[in-house]
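**Q** If you're matching positions, the first sequence starts at 1 in full-length UniProt numbering and goes up one per residue. Below is a structure I'd like to ask you about.
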Amino acid sequence: MTVRRPYANGFALLIHSMPSPLFQPAQAFASRRNSVDLLKMFTETRNLNLGKAINAHLIRAFQLDLIQANYLINLYVKCGQLHLARRLFDIMPERNNVSGNALMAGYFQAGFPLEALGVFKSMDLSQLSGGPNEYMLTTLLASCAEVRALEEGRQCHDHALKSGLVSHSYVRNALLHMYSKCSGMEDALQVFRTIPGFDILALNSMLNGFLEHGQLNYAMEVVSGMVKEVARWDHISYVAVLGLCTDSKDLNLGRQIHSQILRRGVEFSVFAGSAIVDMYGKWGDVKSSRRAFDGLLNKNVVSWTAVMAICAQNGCFEEALKLFLEMQLVGFRPTEFTYAVALNACAGLSALKNGDALNAHAEKSGYKEHLTVGIALINMYSKSGSIDDAKRVFTSMPHHDIISWNSIITAYSHHGLANEALEAFHEMLKEEVPTYVTFVGVLSACAHLGLVDEGFYYLNHFMREVGIRPGVEHYTCMVAMLCRAGLLDEADGFMRYTCVDWDIVAWRTLLSACQVHRNYGLGQKVGEHVLKLDPDDGGTYILLSNMYAKANRWDGVVNIRKLMREKDIKKEPGVSWIQTAILKMVVCGCVDNHEKRKSEKLAPLPSYNLDASVLLRSGF
DNA sequence: TTAGGGTTAG
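Printed below as a string of structure tokens:
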């Protein structure tokens, strides 16, 4: 027997050649119970050093038996020392369900579900008399759920049925959770039907499963059941229901849940708090979102990032950046998500310098390698006008996913580099499957190049071949494409005869083209239609007033102004544009000064709009 | 098992 001394750190540097039995009946400790009691105590108090000392002692005295080793594994796991737990596990000549599950649960809870499954696979099944027990089965199922291992999950289900372990409620819940993550909800529903009564854990799993699969109606049914039958929800229920209210835009239910949380005094978990902040923000109610955030007792980097994201998504870019600074002042370090949101805010402001600074900041903190950050950088540089930097970020990224490809394709297209966009698209096809967004970029590039035939080929053949149904964004690109090629009547016909739920953006595309191509007849017709569609859209008035100004139609300009007054949309930023339109006419000599003064009475011109030379310089 | 992010037409 070779025993090396001294044992480093008091821990066994074992001794693979040890003929064993390494595990001997206890003697040196007054009883094995003593050592077990000590190990339990040190586990509770997370006293790693004393645990190690006992470990060393037991080994020196050849007293370490299976049960003590299991307690030690548990102690190491609880102290976050997975490598020590693993080392001990690997040298144990005998193991059982408890040893396996202690290590597996350790890996799973530390976020390593694959390793947990690996431990199971490495175990000799003869050590597990009768296979995994209910504890190990639960850990196995949870790990399968995490890595979407449906086949292995089904094997666990078989075992649960054969062994009768399926009668344990936590095994059933774990099965339900596994199916809801890995397979369609039908399998989950079958398990759900075997669960008697109204189990909140099972209901949570069903709810989250339906939410994840986008089946909001079914999710709502589950919530109705919960409202009627379950008096006490847990935090997970609240978070899930808030998620449903966010997705389904159910303002009533969302507000009810929020006030219920406040009324019941349910302690605001940081999870539920962030979900509430997110919910109001996704409804577009930034004020309530901000108020909810300010009222949070528990904040963490996630809630800060959530409120920043809400600001940025609703156009409050400066606010988002202010929050980014504030968050760091109170001591939270940004994550890759936080950087992505902050970069997005810079993109919204075209704030190249701030974006550059954030780039350096992210690089220093080691977050630049993250896909999310790379994509946000591409977007920021592209929207700030620096396509070269966007390209540089893209080529220096360690990995590309479909979103990063979509980002660079869109960036090229926005910069009028349509050929580069199409090149990138074909390059992408070697690695990734295109998505809905990919074709928005591709078709917009075709529109820039006036490639009408190619555009229709992508729309009618390519997209269908890869199973993507074109949506209104794609069809709007087609309208823009026809318009760009000067085919306005064709664009008009395309819109009238294609069965698409056209939105204001699409109609405005055509209207704008009418203005550019001076097709005033069609423009007037389209304009009337667009005004009916949304009489409060300031942008339409801008386009129309510009068009009438170009057509020297003073009556048209005045009429637009009248309509704006009737609709009381003078607060729209477009108001100054009608004045600009009038001024343009004055500059061009279409309207004399008398008419101009008349117009000033109608709409007093702000001084910055009065300077005709500015307009002339701008190339009007 | 619960919260936040990055790509979308004019």
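Idealized CB from N, CA, C, for every residue including glycine.
Taking all protein chains shown into account, do 16 or more other C-beta atoms lie within 10 angstroms of the C-beta of A360, making it buried, or fewer, making it exposed?
**A** Residue mapping note: residue 360 aligns to position 360 of the first sequence, counting from 1. Exposed.
**Q** Rounded C-beta distance between L141 and M178? I'm assuming under 8 Å.
**A** Position 141 of the first sequence, counting from 1, holds the residue named residue 141. Position 178 of the first sequence, counting from 1, holds the residue named residue 178. Right, their Cβ atoms sit about 5 Å apart.
**Q** Count the other C-beta atoms from every protein chain shown that fall within 10 angstroms of the C-beta of Y457, then say buried if there are 16 or more, exposed otherwise.
**A** For the purposes of this step, residue 457 is taken as residue 457 along the first sequence, with counting starting at 1. Label assigned to Y457: exposed.
**Q** According to DSSP, is N460 helix, strand or coil?
**A** The residue given as residue 460 occupies position 460 in the first sequence. Helix at N460.
**Q** Under a Cβ-count criterion, where at least 16 other Cβ atoms within 10 Å of its own Cβ denotes burial, should A340 be classed as buried or exposed?
**A** The sequence position of residue 340 within the first sequence is 340, counting from 1. The residue is buried, with at least 16 neighbouring Cβ atoms inside 10 Å.
**Q** Helix, strand or coil for S167, going by three-state DSSP, please let me know.
**A** Start at 1 with the first residue of the first sequence, and residue 167 comes out as number 167. Helix.
**Q** In terms of residue numbering, what span does the alpha helix (DSSP H) encompassing C316 cover?
**A** Sequence index remark: in the first sequence, residue 316 carries index 316 (1-based). Here C316 belongs to no alpha helix (DSSP H), and DSSP marks it neither H nor E.
**Q** Assuming N406 and T438 make a contact with CB atoms under 8 Å, what is their CB distance in whole Å?
**A** As a first step, residue 406 must be located in the first sequence, where it is residue number 406. As a first step, residue 438 must be located in the first sequence, where it is residue number 438. Right, the Cβ-Cβ distance comes to about 5 Å (below 8 Å), so this counts as a contact.
**Q** Using only CA atoms, which one of Y475, L417 and P398 lies nearest to Y436?
**A** Within the first sequence, residue 436 is the residue found at index 436, counting from 1. When only C-alpha atoms are compared, the closest one is Y475.
**Q** From which residue to which residue does the alpha helix (DSSP H) around Q260 run?
**A** As a working mapping, residue 260 is identified with position 260 in the first sequence. Its alpha helix (DSSP H) spans residues L251 to R264.
**Q** Taking Cβ positions, are M220 and S180 nearer each other than 8 Å?
**A** Taking the first residue of the first sequence as 1, we reach residue 220 at position 220. Taking the first residue of the first sequence as 1, we reach residue 180 at position 180. In this structure, S180 does not lie closer than 8 Å to M220 by Cβ.
**Q** Tell me whether E326 sits in a helix, a strand or coil according to DSSP, three-state version.
**A** Locating residue 326 in the first sequence gives position 326, where the first residue counts as 1. Helix, per DSSP.
**Q** Where does M18 fall in DSSP's three states?
**A** As a working note, residue 18 is residue 18 in the first sequence. Summary for M18: the model assigns pLDDT 36, below 50, so the residue's position carries little reliability, and this model does not support an answer.
**Q** Among L50, L58, P93 and R60, which has the Cα closest to the Cα of C79?
**A** For the purposes of this step, residue 79 is taken as the residue at position 79 of the first sequence. It is L50.
**Q** Mapping the DSSP letters down to three states, classify D124 as helix, strand or coil.
**A** If you number the first sequence from 1, residue 124 lands on position 124. Three-state DSSP puts D124 in coil, outside helix and strand.
**Q** Between the alpha carbons of V516 and Y238, how many angstroms are there, rounded?
**A** In the first sequence, residue 516 corresponds to position 516, counting from 1. In the first sequence, residue 238 corresponds to position 238, counting from 1. Approximately 53 Å, taken between the alpha carbons.
**Q** Who are the Cβ neighbours of I257 in its own chain at under 8 Å, not counting the five residues just before and after it?
**A** Position 257 of the first sequence, counted from the start, is the residue given in the question as residue 257. Y238, V241, L242 and C245, listed in sequence order.
**Q** Give every residue of the same chain whose Cβ lies closer than 7 Å to the Cβ of V277, excluding the five residues on either side of it in the sequence, and list them in chain order.
**A** Here residue 277 refers to the residue found at position 277 of the first sequence. Within the same chain, V277 has close Cβ partners S289, A292, F293, S303, A306, V307 and I310.
**Q** For S384 and A351, what's the separation of their Cα atoms in angstroms?
**A** Numbered from 1 along the first sequence, position 384 holds the residue referred to as residue 384. Numbered from 1 along the first sequence, position 351 holds the residue referred to as residue 351. C-alpha separation (whole angstroms): 6 Å.
**Q** Label G214 either buried or exposed according to how many other C-beta atoms from any shown protein chain fall within 10 Å of its C-beta, with 16 as the threshold for buried.
**A** Position 214 of the first sequence, counted from the start, is the residue given in the question as residue 214. Counting Cβ neighbours within 10 Å, G214 comes out exposed, since fewer than 16 surround it.
**Q** Start and end of the alpha helix (DSSP H) containing E490?
**A** For this step, residue 490 is matched to residue 490 along the first sequence. L488 to Y497 is the span of the alpha helix (DSSP H), which, as asked, contains E490.
**Q** Under a Cβ-count criterion, where at least 16 other Cβ atoms within 10 Å of its own Cβ denotes burial, should A418 be classed as buried or exposed?
**A** In the first sequence, counting from the first residue as 1, residue 418 sits at position 418. With 16 or more Cβ atoms within 10 Å of its Cβ, A418 is classed as buried.
**Q** Using only the alpha-carbon positions, how far apart do R496 and H529 sit?
**A** Along the first sequence, one-based indexing puts residue 496 at 496. Along the first sequence, one-based indexing puts residue 529 at 529. Cα to Cα, R496 sits roughly 12 Å from H529.
**Q** If you measure between the beta carbons of F108 and S143, is that distance less than 8 Å?
**A** Reading the first sequence from its first residue, position 108 is the one you call residue 108. Reading the first sequence from its first residue, position 143 is the one you call residue 143. Their beta carbons are under 8 Å apart, which means F108 touches S143 by this criterion.
**Q** Smallest Cα separation from T139: which of S129, S126, G130 and G111?
**A** On the first sequence, residue 139 is found 139 positions in, with the first residue counted as 1. When only C-alpha atoms are compared, the closest one is G111.
**Q** When you compare only the Cα positions, how much space is there between L329 and E94?
**A** The residue given as residue 329 occupies position 329 in the first sequence. The residue given as residue 94 occupies position 94 in the first sequence. Each residue's alpha carbon lies about 53 Å from the other.
**Q** Are the CB atoms of V270 and N298 nearer to each other than 8 Å?
**A** Translated into positions along the first sequence, residue 270 becomes position 270. Translated into positions along the first sequence, residue 298 becomes position 298. Yes, these two residues count as a Cβ contact at 8 Å.
**Q** Distance check for A421 and R464, CA to CA, integer angstroms please.
**A** Taking the first sequence and counting its residues from 1, one reaches residue 464 at position 464. Taking the first sequence and counting its residues from 1, one reaches residue 421 at position 421. So the alpha carbons of these two residues sit roughly 21 Å apart.
**Q** On the CB-based measure, 16 or more other CB atoms within 10 Å of its CB, does K571 come out buried or exposed?
**A** Residue numbering aside, residue 571 sits at position 571 when the first sequence is read from its first letter. Per-residue confidence for K571 stands at a pLDDT of 46, beneath the threshold of 50, marking its modelled position as unreliable; the derived number appears in the next sentence. Label assigned to K571: exposed.
**Q** Using only CA atoms, which one of M478, L487, L482 and D489 lies nearest to V500?
**A** Position 500 of the first sequence holds residue 500. The option with the nearest alpha carbon to V500 is M478.
**Q** Is the separation between the beta-carbon of A116 and that of N74 shorter than 8 Å?
**A** Numbered from its first residue, the first sequence carries residue 116 at position 116. Numbered from its first residue, the first sequence carries residue 74 at position 74. In this structure, N74 does not lie closer than 8 Å to A116 by Cβ.
**Q** State the DSSP-derived secondary structure class of S365, mapped to helix, strand or coil.
**A** Translated into positions along the first sequence, residue 365 becomes position 365. DSSP places S365 in coil when its eight states are reduced to three.
**Q** Near R33, which residues of its chain fall below 6 Å by C-beta distance, leaving aside the five closest residues on each side in sequence?
**A** To locate residue 33, count along the first sequence from 1; it is residue 33. Here the set comprises nothing.
**Q** Could you pull the start and end residues of the alpha helix (DSSP H) that W405 belongs to?
**A** The sequence position of residue 405 within the first sequence is 405, counting from 1. I402 to H414 is the extent of the alpha helix (DSSP H) around W405.
**Q** Quick one: residues in its chain with C-beta nearer than 7 Å to the C-beta of G106, no 5 flanking neighbours on either side, listed in chain order?
**A** Along the first sequence, read from residue 1 onward, the residue named residue 106 stands at position 106. So the qualifying residues of the chain are V77, L82 and A85.
**Q** Per DSSP, what kind of secondary structure is R553 in: helix, strand or coil?
**A** If you number the first sequence from 1, residue 553 lands on position 553. If DSSP states are grouped into helix, strand and coil, R553 belongs with coil.
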